Amino acid sequence: MKLTSAEYREIARESLRGHWAGAIAAAVLTSLLGGFCMSLLFLGKFAAAMAGAVHFMESIPHAWLLIVLAGSAVAVFYFFVGGIIRLGYIDYNLALLDRRKVGPGIIFSKGRLFWQAVCMRLALLFIPLFCGIFLIVPGIIVSYRFAMTPYILEERPSFSVRKAMRESGKMMKGHKWQLFCLHFSFLGWRILGMLTLGIANLYVLPYRHTAEAVFYNEISGRAAVYYGRKEA
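Quick note: to get this note's numbering, add 457 to the position in the sequence shown (first position is 1).
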């Protein structure tokens with residue numbers, strides 16, 4: 458069942474109604490604990506922030522060493538902890554769509570998937586990176602091909618990362634452009650987030666990720682099964 462970006466966003470807003478406070482808290486916690494840092498864009502911003510910190514603190518003796526050590530510690534923490542936090546956040550968003558009773562603490566519920574989450578992060582980082590070394594477009598296509606891997610792994614914890622990626626590839630056939638358009642529809646909101654020094658992101662983060670969960674709900678057939686709906 459194919460919906461438009463506007464329809465995905467509408468369903469997301471309806472699911473968030475009455476839950477905005479909890480959704481914002483969950484998104485902020487996920488962000489602080491590294492749940493969103495699985496992209497090359499994040500790595501670029503992180504590296505730029507590190508370089509900026511070194512530049513502005515270069516007058517302090519050994520400041521660069523302290524910054525590098527602190528940045529490395531944060532990067533390691535994000536890498537090992539962020540994966541399970543991301544899976545927990547996916548469960549939170551799917552619970553909103555299912556009208557299950559949910560609280561921000563659900564993002565800490567996926568500890569048993571620790572090693573799968575670590576392997577997932579490695580695969581989702583380096584496979585698109587390897588493809589992007591040669592051409593940017595293939596790297597983007599590959600990243601969208603495997604975009605549903607975290608959702609599949611969260612719902613089917615018995616799957617290996619390889620199997621979840623294979624299922625994501627099948628699921629995303631004919632849907633990559635659809636997801637790209639959904640992400641692109643939030644471009645204005647992301648610009649607003651930058652212009653407001655991140656304040657608008659308190660609204661944008663839960664909105665965007667809930668809309669992506671709606672996308673997964675629909676293309677996976679989960680919505681039809683879970684809610685007893687017939688496919689269009």
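A virtual CB, placed ideally from N, CA and C, is assigned to each residue, including glycine.
Keep in mind it's a predicted model, so treat the numbers as computed, not measured.
How many angstroms separate the CA atom of Arg613 from the CA atom of Ser472? The residue you call residue 613 lines up with position 156 of the sequence shown. The residue you call residue 472 lines up with position 15 of the sequence shown. Each residue's Cα considered, the two are about 23 Å apart.
Other residues of its chain near Asn674: CB distance less than 6 Å, five sequence neighbours each side excluded: Position 217 of the sequence shown, counting from 1, holds the residue named residue 674. Hits under 6 Å: Leu554, Ala680.
Looking only at C-alpha atoms, which of Leu644, Val538, Ala670 sits nearest to Asn658? In the sequence shown, the residue the question calls residue 658 occupies position 201. Answer by Cα proximity: Leu644.
State the CB to CB distance for the pair Leu544 and Glu611, rounded to an integer number of angstroms; the pair is presumed to be in contact (CB under 8 Å). Taking the sequence shown and counting its residues from 1, one reaches residue 544 at position 87. Taking the sequence shown and counting its residues from 1, one reaches residue 611 at position 154. Indeed they touch by this definition, with Cβ atoms about 5 Å apart.
Can you have a look at Lys630 and say buried or exposed, based on whether 16 or more other CB atoms are within 10 angstroms of its CB? Here residue 630 corresponds to residue number 173 of the sequence shown, with the count starting at 1. Answer is exposed; the Cβ neighbour count stays below 16.
What residues in its chain sit with their C-beta under 6 Å from that of Ser615, if we drop five residues either side in the sequence? Taking the first residue of the sequence shown as 1, we reach residue 615 at position 158. Excluding residues within five positions, none has a Cβ falling inside 6 Å.
Keeping to the same chain, check which residues put their C-beta closer than 8 Å to that of Ala482; ignore five residues upstream and five downstream. By 1-based counting over the sequence shown, the position of residue 482 is 25. Answer for Ala482: Pro561, listed in chain order.
When the Cα atoms are used, what is the spatial distance from Glu467 to Ala527? Locating residue 467 in the sequence shown gives position 10, where the first residue counts as 1. Locating residue 527 in the sequence shown gives position 70, where the first residue counts as 1. CA-CA distance, Glu467 to Ala527, rounds to 41 Å.
Based on Cα-Cα distance, which residue from Val559, Val485, Ala532, Ile542 lies nearest to Gly475? Within the sequence shown, the letter at position 18 stands for residue 475. Among Val559, Val485, Ala532, Ile542, the Cα nearest to that of Gly475 is on Val559.
Could you pull the start and end residues of the alpha helix (DSSP H) that Ser488 belongs to? Translated into positions along the sequence shown, residue 488 becomes position 31. Its alpha helix (DSSP H) spans residues 477-489.
From which residue to which residue does the alpha helix (DSSP H) around Leu639 run? Sequence index remark: in the sequence shown, residue 639 carries index 182 (1-based). Taken as a continuous stretch (DSSP letters only), the alpha helix (DSSP H) holding Leu639 covers 633-641.
Just checking my contact of Thr487 with Ile542 at CB under 8 Å: how many whole Å lie between their CB atoms? For the purposes of this step, residue 487 is identified with residue 30 of the sequence shown, where counting begins at 1. For the purposes of this step, residue 542 is identified with residue 85 of the sequence shown, where counting begins at 1. Confirmed, Cβ separation roughly 6 Å.
Taking its Cβ as the centre, do 16 or more other Cβ atoms sit within 10 Å of Val671, making it buried, or is it exposed? Numbered from its first residue, the sequence shown carries residue 671 at position 214. Result: buried.
Can you tell me whether Phe603 is buried or exposed, with buried defined as 16 or more other CB within 10 angstroms of its CB? Looking up residue 603 in the sequence shown gives position 146. With 16 or more other Cβ atoms within 10 Å, it is buried.
Which stretch, first to last residue, makes up the alpha helix (DSSP H) that contains Arg619? One-based indexing of the sequence shown puts residue 619 at position 162. Run containing Arg619: 618-628, per the alpha helix (DSSP H) assignment.
Pick helix, strand or coil for Phe565, following the three-state DSSP scheme. Stepping through the sequence shown from its first residue, residue 565 is reached at position 108. DSSP places Phe565 in helix when its eight states are reduced to three.
If you draw a straight line from the C-alpha of Glu688 to the C-alpha of Met628, how long is it? To locate residue 688, count along the sequence shown from 1; it is residue 231. To locate residue 628, count along the sequence shown from 1; it is residue 171. Only weak support exists for where Glu688 lies, its pLDDT of 48 falling under 50; the value from the coordinates is given anyway. Distance between the alpha carbons of Glu688 and Met628: 15 Å.
Under the rule that 16 or more other beta-carbon atoms within 10 Å means buried, what is Ile676, buried or exposed? Here residue 676 refers to the residue found at position 219 of the sequence shown. Per the 10 Å Cβ criterion, buried.
Run the CB neighbour count on Cys494, radius 10 Å, all protein chains shown included, and call it buried at 16 or more, exposed below. Within the sequence shown, residue 494 is the residue found at index 37, counting from 1. Buried.
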